[in-house]
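Basically my numbering = 1-based index in the sequence shown + 334.
Yeah, the Cβ is synthetic: ideal placement off N, Cα and C, and Gly gets one too.
Only one structure is covered here, and it is reproduced in the block below.
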Amino acid sequence: MKKIIYAILFISLSLNVQAQDLDKIAQEITDEGKYLFRLEKTSWIGTDLFIEKYKNTENLGGYLSYAINEDSTCCIFWNKNEIPSVVGTISFDSSLDLNNASVDISEREMTDIEKELFQIRNATLHELTTDTLFLFYENTSPNIIPVKYKGEKKAYILTGPQQTGVVILGNDYLLTFDEEGVLTQKKRIHNNIISMEYDSSNTKMTVHSHNDTTGDFITPTDICTLMLYAGYAGWPRHYTVSQEYISIWDCKKNELKIMLYDEWEKMEEEK
């Protein structure tokens, strides 16, 4: 009898530890996904504001967004000079509200962090245009997101749609750099591309699957994309299924739950 009780306690403890581990993983993925979303959203609305104010667009060399602190982000634009200067800085608070944006069209030198991210972006752009690892599809465009996240220098490449009513998951990449900005690793995150059309009147849930190469869980790039588009699409939830796990992203609450697939399946059967 004691052996049975001990066995039950051991199983319960193991399940509890695993649940805590999955919660920790879910939080880490969510944090990075939301970080990428903040940068991409800043680029979206920052570009619109900048183009309204800046007339010499033929002199633009590029742009990037970064987090100033936990509450603020900005999008900078630079010219085509041999040593580029910043010609526009659009700053946002945590609300990413256009009404609270600060627009500065004065020319200035790049700050140290801007120079670091500029270097990462240029190195990524070089790889994107020279390495056959990267794939391109009709009616899409690659979006480079250089980041210095938790001390690591990285660049994500997302594939964005050039058509309205379409969400694209996959065909995304991660490049990793050392402290000096030298590329150390590059890889595909997803090995495929998933194009999902939506109609705002159709609010069904959506799903995609991961193989062993992509990993067991939803990725930060998945979350970034879902946060950018799910509101327009009206999706309540998105499921990412792997062999052992299911990641459930609540598109309305922007919250992630990761479960063992077998446990989730049992819960669904009991409903």
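- Buried is the label assigned to L509, since at least 16 other Cβ atoms lie within 10 Å of its Cβ.
- With respect to P476, A489 sits apart: the two C-beta atoms are not nearer than 7 Å.
- Here P570 is exposed. Its C-beta has fewer than 16 other C-beta atoms within 10 Å.
- The beta carbon of G504 lies closer than 6 Å to those of H524, N526, I527, I528 in the same chain, with the five residues before and after it left out.
- Pairing I580 with Y595 gives a Cβ-Cβ distance under 7 Å.
- Taking all protein chains in view, the Cβ of H460 is surrounded by fewer than 16 other Cβ atoms within 10 Å, so the residue is classified as exposed.
- DSSP places G395 in the strand class (E or B) of the three-state scheme.
- For the options K538, D405, L383, the alpha carbon positioned closest to that of H572 is the one of K538.
- Inside the region 526-567, DSSP marks whole alpha helix (DSSP H) runs of 4 or more residues at positions 554-567, from first to last along the chain.
- S406 is not a Cβ neighbour of D438, given a cutoff of 7 Å.
- Per DSSP, reduced to three states, the secondary structure at A401 is strand.
- Around G515, the same chain offers E450, Q453, I454, A457, K487 as residues with beta carbons nearer than 8 Å, after the five sequence neighbours per side are excluded.
- Going by DSSP, M601 is part of the alpha helix (DSSP H) stretching over 595-604.
- Minimum Cα-Cα distance from T498 among the listed residues K414, Y483, M530 corresponds to M530.
- Taken through DSSP and simplified to helix, strand or coil, N413 comes out as strand.
- F384: not part of any beta strand (DSSP E); member of the alpha helix (DSSP H) spanning 336-387, first to last residue.
- Below 8 Å, enough C-beta pairs join the region 409-418 and the region 379-390 to call them touching: three or more.
- Bounds of any alpha helix (DSSP H) do not take in E486; it lies within the beta strand (DSSP E) bounded by 486-495.
- For S543, the number of other beta carbons within 10 angstroms of its own is below 16, and it is reported as exposed.
- DSSP lists T407 as the beta-bridge partner residues of F426.
- Just so you know, the alpha carbons of I402 and I363 end up roughly 21 Å apart.
- In chain order, N413, K414 place their CB closer than 6 Å to the CB of N393, counting only its own chain and leaving out the 5 sequence neighbours on each side.
- Beta-bridge partners assigned by DSSP to Y579: L594.
- Within the region 419-478, complete alpha helix (DSSP H) segments of at least 4 residues are found at 446-464, given in chain order.
- DSSP places G504 inside the beta strand (DSSP E), whose first and last residues are 500-504.
- Burial is judged here by how many other beta carbons sit within 10 angstroms of a residue's own beta carbon; D506 has at least 16 and is buried.
- M593 and L356 have their C-alpha atoms some 7 Å from each other.
- Shortest Cα-Cα distance from E472 to any of S425, Q496, G396 involves Q496.
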